[in-house]
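Those letters in the sequence shown? Residues 4 to 101, per the numbering used here, in order.
Cβ atoms here follow ideal geometry from the backbone N, Cα and C, with glycine treated the same way.
Note sheet for the following structure.
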Amino acid sequence: MKLTVPQRDALEALLKAQGELGPLLAGTLDAIALGRWDDLPDAELDWERVRALAEAQGIGEADVVWDLAAGLAAPAKSSAHGGKAASKRARPRRSGRQ
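Spelled out as structure tokens, the structure:
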């Protein structure tokens with residue numbers, strides 16, 4: 004979650020006002036402090052490419068984004084080993100998904 008500097012300062016002040024912090028809130032306070040040094044530009048995604056890859060593989064756009072984020076290479080345009088069905092079988096299963 005991206006916070007503005009005033010939002011981050013307000014959240015930090017609110018946590019410090021709690022007094023004694025448990026491990027979860029102390030970790031949150033640490034993350035807020037580290038977040039000051041970790042401002043990254045907003046990510047950009049080529050949605051036309053995502054749509055095309057999803058359609059080519061017969062999967063949803065969310066699955067394509069997941070695969071791209073995991074560093075999986077986009078499949079070749081044509082496959083000599085069965086097209087869509089082969090690419091579906093080759094995809095790794097994510098934990099928690101039946």
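Roughly how many whole angstroms lie between the Cα atoms of Ala36 and Glu58?
Taking the straight line joining both Cα atoms gives about 42 angstroms.
Count the other CB atoms, across all protein chains shown, that sit within 10 Å of the CB of Leu17; report buried if there are 16 or more and exposed otherwise.
Classification for Leu17: exposed.
Would you call the CB atoms of Glu47 and Arg54 closer than 9 angstroms?
Result no, Cβ atoms of Glu47 and Arg54 do not sit closer than 9 angstroms.
What number of angstroms, rounded off, separates the C-alpha of Arg52 from the C-alpha of Lys5?
Rounded to whole angstroms, Arg52 to Lys5 spans 26 angstroms at the Cα level.
On the criterion of 16 or more Cβ atoms from any shown chain inside 10 Å, does Leu56 qualify as buried, or is it exposed?
Buried, because 16 or more other Cβ atoms sit within 10 Å of the Cβ of Leu56.
Go to Leu14, then tell me how far its alpha helix (DSSP H) extends in each direction, as first and last residue.
Unbroken alpha helix (DSSP H) run through Leu14: 8-19.
CA-CA distance, Gly25 and Ala76?
So the two alpha carbons sit approximately 42 angstroms from each other.
By Cβ distance, which residues of its chain are closer than 6 angstroms to Glu15, with the 5 residues on each side in sequence left out?
Excluding residues within five positions, the ones whose Cβ falls inside 6 angstroms are Ile35.
Report all residues from its chain with a CB closer than 8 angstroms to the CB of Gly38; omit the five preceding and five following residues, and keep chain order.
Closer than 8 angstroms at the Cβ level, and outside the excluded window around Gly38, lie Leu6, Arg11.
Nearest-angstrom Cα distance between Leu32 and Pro9?
Cα to Cα, Leu32 sits roughly 15 angstroms from Pro9.
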